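Report on the following structure.
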Ligand code: HEC
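In the numbering used here, the protein residues as written are 9 to 199.
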């Protein structure tokens, strides 16, 4: 009676097929997660165009706000930049097609609302006062970072002293912006 031998040809076909499918799947997951073209102009409550005094005031507080943002930048980097800048980190599992598409959509949508790629002033849907207010609110209400993100990045959760330093920075920045408008005699309403 012939001994049943493993079918070598079949095994080779199976191995080659698995490698092939793997390659195909990984190649579907390529492509940039975030486009790095120019950003939309940041918006202000009162556009400084044609108001040189206001332009100077806003430029100088923007400088100050960027400086004061430095100590909290590690928080934003860890918790927000993956979806709100043009430089998301890319762990290996972002190469998996379903995951990659989902993340790419989050990054695109996140950046439409708020883009911090170039520091302050931010690009996004609202004025600088709107965006700062939204940052505070979204984090305070636990809506940001997105819960789907926290599932894989538990260290991105913002609470306790970390939340306090972010909130202090937001409030100080809002105060500076309002002061800049007052300084040139164009106070803004509470937004
Ligand atoms: C996993 C991706 C992701 C991360 C991480 C993330 N966001 Fe978002 N963010 C989004 C998406 C998507 C939207 C737009 C849809 C929505 O509001 O849910 C958004 C919207 C926002 C908005 C606009 C809300 C509005 O109503 O206009 C703000 C402000 C914001 N995020 C702040 C933050 C801050 C601050 C962090 C970090 C603490 C953060 N996000 C982390 C994806 C993310």
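We treat Cβ as the ideally placed atom computed from N, Cα and C, and that holds for glycine. Note that the structure is a prediction, hence the values are computed from the model and not measured.
Task: Beta-carbon proximity check, residue 41 vs residue 115, cutoff 9 Å - done: The answer is yes: Cβ separation under 9 Å.
TODO: Determine the contact status of residue 50 and residue 131, defining contact as a CB-CB distance below 9 Å.
DONE: Yes, they are a contact pair.
Open item on the list: Nearest by alpha-carbon distance to residue 79: which of 187, 193, 183 and 176 is it?
Closed with: Selection 187, 193, 183 and 176 evaluated against residue 79 yields 176 as nearest (Cα-Cα).
TODO: Return the CA-CA distance between residue 138 and residue 189, expressed in angstroms with no decimal places.
DONE: Within the model, the alpha-carbon separation for residue 138 versus residue 189 is close to 15 Å.
- [ ] Using a threshold of 9 Å, state whether the C-beta atoms of residue 141 and residue 182 are closer than that.
- [x] Remark: C-beta atoms of residue 141 and residue 182 approach each other more closely than 9 Å.
Task: Residues of its chain near residue 98, where Cβ-Cβ distance is below 8 Å and the 5 sequence neighbours each way are ignored - done: Leaving aside the five residues that flank residue 98 on each side, the residues in its chain whose CB is nearer than 8 Å to its CB run, in chain order, 41.
- [ ] Identify every run of the alpha helix (DSSP H) within the region 101-132, keeping only runs that are complete inside it and at least 4 residues long; order them along the chain.
- [x] Runs of the alpha helix (DSSP H) lying entirely within the region 101-132 and spanning at least 4 residues, in chain order: 105-121.
Task: Residue from 193, 144 and 16 whose Cα sits closest to the Cα of residue 172 - done: Measuring from the Cα of residue 172, the nearest candidate turns out to be 144.
Task: Reduced DSSP category for residue 151 - H, G, I as helix; E, B as strand; rest coil - done: When secondary structure is reduced to three states using DSSP, residue 151 falls in the coil class, being assigned neither helix nor strand.
- [ ] Compare the Cα-Cα distances from residue 135 to each of 185, 24 and 19 and report the closest residue.
- [x] Of the listed residues, the one whose Cα sits closest to residue 135 is 185.
- [ ] Within the same chain, show all residues whose beta-carbon is closer than 7 Å to that of residue 44, passing over the 5 residues directly before and after it, in chain order.
- [x] Apart from the 5 residues on each side of it in sequence, residue 44 sits with its Cβ closer than 7 Å to the Cβ of 94 in its chain, given in chain order.
Task: Other residues of its chain near residue 127: CB distance less than 8 Å, five sequence neighbours each side excluded - done: Sequence-distant partners of residue 127 (beyond 5 residues in either direction) whose C-beta falls short of 8 Å from its own C-beta, in its chain, are 74 and 77.
- [ ] For residue 23, count neighbouring C-beta atoms within 10 Å of its own C-beta (all shown protein chains included) and say buried if the count is 16 or more, exposed if not.
- [x] The residue in question, residue 23, is exposed, as its Cβ has fewer than 16 Cβ neighbours within 10 Å.
Open item on the list: Less than 8 Å separating the Cβ of residue 120 from some heavy atom of the ligand HEC?
Closed with: Proximity of the beta carbon of residue 120 to the ligand HEC is indicated: a heavy atom of the ligand is located closer than 8 Å.
- [ ] Just mark residue 52 as buried or exposed, buried being the case when its beta carbon has 16 or more other beta carbons within 10 Å.
- [x] With 16 or more other Cβ atoms within 10 Å, it is buried.
Task: Boundaries (first-last residue) of the alpha helix (DSSP H) holding residue 82 - done: Segment 81-87, the alpha helix (DSSP H) holding residue 82.
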